[in-house]
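Which chain is which? The protein sequence lines are A and B, in order.
Whatever position you read off the first sequence (first residue = 1), add 408 for our numbering.
Whatever position you read off the second sequence (first residue = 1), add 57 for our numbering.
Note that beta-carbon positions come from the ideal geometry of N, C-alpha and C, so glycine has one too.
Quick notes on the structure that follows.
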Amino acid sequence: EVQLVESGGGLVQPGGSLRLSCAASGFTFSTYEMNWVRQAPGKRLEWVSYMSSSGSNKHYADSVKGRFTISRDNAKNSLYLQMNSLRVEDTAVYYCARGGAVAASNWFDPWGQGTLVTVSS
Amino acid sequence: DIQMTQSPSSVSASVGDRVTITCRASQGISTWLAWYQQKPGKAPNLLIYAASSLQSGVPSRFSGSGSGTDFTLTISSLQPEDFATYYCRQAYTFPLDFGGGTKVEIK
């Protein structure tokens with residue numbers, strides 16, 4: 409069974425840092441693109457970041473560029489999101505979502521269950 | 058950036074009704090569009106990709122159409138388990154933005 413499990417969320421003060429992890433199983437992780445998506449309470453889904461299967465290509469939403477860093481460890485079947493200089497508006501449930509195994513198939517399926525990040529003083 | 062606009066933002070419908078949700082892109086995206094269903098407290102679930110391709114395991118009452126800037130998601134006969142929020146998302150270029158969502162509620 410294909411599965412994604414996020415961890416690392418929690419309560420952090422504004423200006424603080426947090427590192428999210430996404431553990432993948434049930435598929436050949438190293439061949440798939442991966443993404444982070446977030447959803448603030450009661451708000452729409454917001455794509456956050458993308459990484460290619462090899463890790464050589466990355467993209468970020470403008471709202472997190474320069475503060476968040478996506479990475480992956482294909483040997484550990486894991487995706488990461490390092491979040492620095494956190495703001496109150498970064499409060500959200502963060503999901504990892506699988507992209508495609510071939511170019512131009514980044515459809516986000518499946519998704520993990522999400523991990524809640526709360527930025528508050 | 059490509060803006061994705063969904064309408065309506067909410068719809069009240071009864072079991073058995075036909076429901077249509079529209080999604081408009083601010084510029085042409087060919088058929089690079091996906092539709093997702095999200096139930097409260099749960100992660101989204103992919104329904105339709107490439108504008109009209111039904112994801113494996115998704116009931117055939119769901120269908121998608123459109124290309125360029127205008128797209129639709131249709132539920133042919135609404136079932137109790139279909140009451141949820143639906144999102145479109147463009148996959149044409151970064152940033153991979155979502156629409157604002159359409160909440161399908163019980164009438």
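*Closest to A:Ala505 by CA distance: which of A:Asn492, A:Ala432, A:Val527 is it?*
Minimum Cα distance to A:Ala505 is reached at A:Ala432.
_Quick check: what's the CA-CA separation for A:Thr523 versus A:Ser415?_
Computed Cα separation, rounded: 6 Å.
*For the beta strand (DSSP E) that A:Gly418 lies in, which residues bound it at each end?*
DSSP places A:Gly418 inside the beta strand (DSSP E), whose first and last residues are 418-420.
_Residues in the same chain with beta-carbon distance under 6 Å from B:Ile86, minus the five sequence neighbours each way, listed in chain order, please._
These residues qualify, in order along the chain: Gln147, Tyr149.
*asked:* Taking the straight line between their C-alpha atoms, what separation do you get for B:Ser67 and B:Lys160?
replied: If you take the alpha carbons of B:Ser67 and B:Lys160, they lie about 4 Å apart.
*Return the residue from the list B:Arg118, B:Ile59, B:Pro101 that minimises the CA-CA distance to B:Thr77.*
It is B:Arg118 whose Cα lies nearest to the Cα of B:Thr77.
*Beta-ladder partner(s) of A:Glu454, from DSSP*: DSSP output for A:Glu454 lists A:Arg446 as bridge partner(s).
*Beta-carbon separation of A:Thr439 and A:Ala509 under 8 Å?*
Yes, Cβ-Cβ distance for A:Thr439 and A:Ala509 is below 8 Å.
*Excluding sequence positions up to five away, which residues of its chain have a Cβ less than 6 Å from the Cβ of A:Arg446?*
Excluding five sequence positions before and after A:Arg446, the CB atoms of its chain that fall closer than 6 Å to its own CB belong to Glu454, Val456, Ala500, Tyr502, given in chain order.
*Would you mind sorting A:Val496 into buried or exposed? The rule is 16 or more other CB atoms within 10 Å of its CB.*
Exposed, since its Cβ has fewer than 16 Cβ neighbours within 10 Å.
*Would you please state the rounded distance, in angstroms, between the beta carbons of B:Gly158 and B:Gln94? I believe it to be under 8 Å.*
In fact, because the Cβ distance is near 11 Å, the residues do not count as touching under 8 Å.
*Going by DSSP, what residues sit across from A:Leu524 in a beta bridge?*
DSSP, once it has assigned bridges, lists A:Val501 as partnering A:Leu524.
*Three-state secondary structure (DSSP) at A:Asp517?*
DSSP places A:Asp517 in coil when its eight states are reduced to three.
*From B:Thr142, B:Ser124, B:Pro152, B:Gly73, pick the residue whose C-alpha is nearest to that of A:Gly450; which is it?*
Looking only at B:Thr142, B:Ser124, B:Pro152, B:Gly73, the smallest Cα-Cα distance to A:Gly450 is reached by B:Thr142.
*If you run the structure through DSSP and keep just helix, strand and coil, what is B:Phe119?*
Strand at B:Phe119.
_beta strand (DSSP E) runs wholly inside the region 126-153 of chain B, at least 3 long, in chain order_ = Qualifying beta strand (DSSP E) stretches, in chain order: 127-132, 142-147.
*Rounded separation between B:Ser122 and A:Leu419 - CA only*: Spanning the two alpha carbons is a distance of roughly 42 Å.
*Using a beta-carbon distance below 8 Å, is A:Trp359 in contact with chain B?*
Because chain A is modelled from 409 through 529, residue 359 of chain A falls outside the range shown and cannot be assessed.
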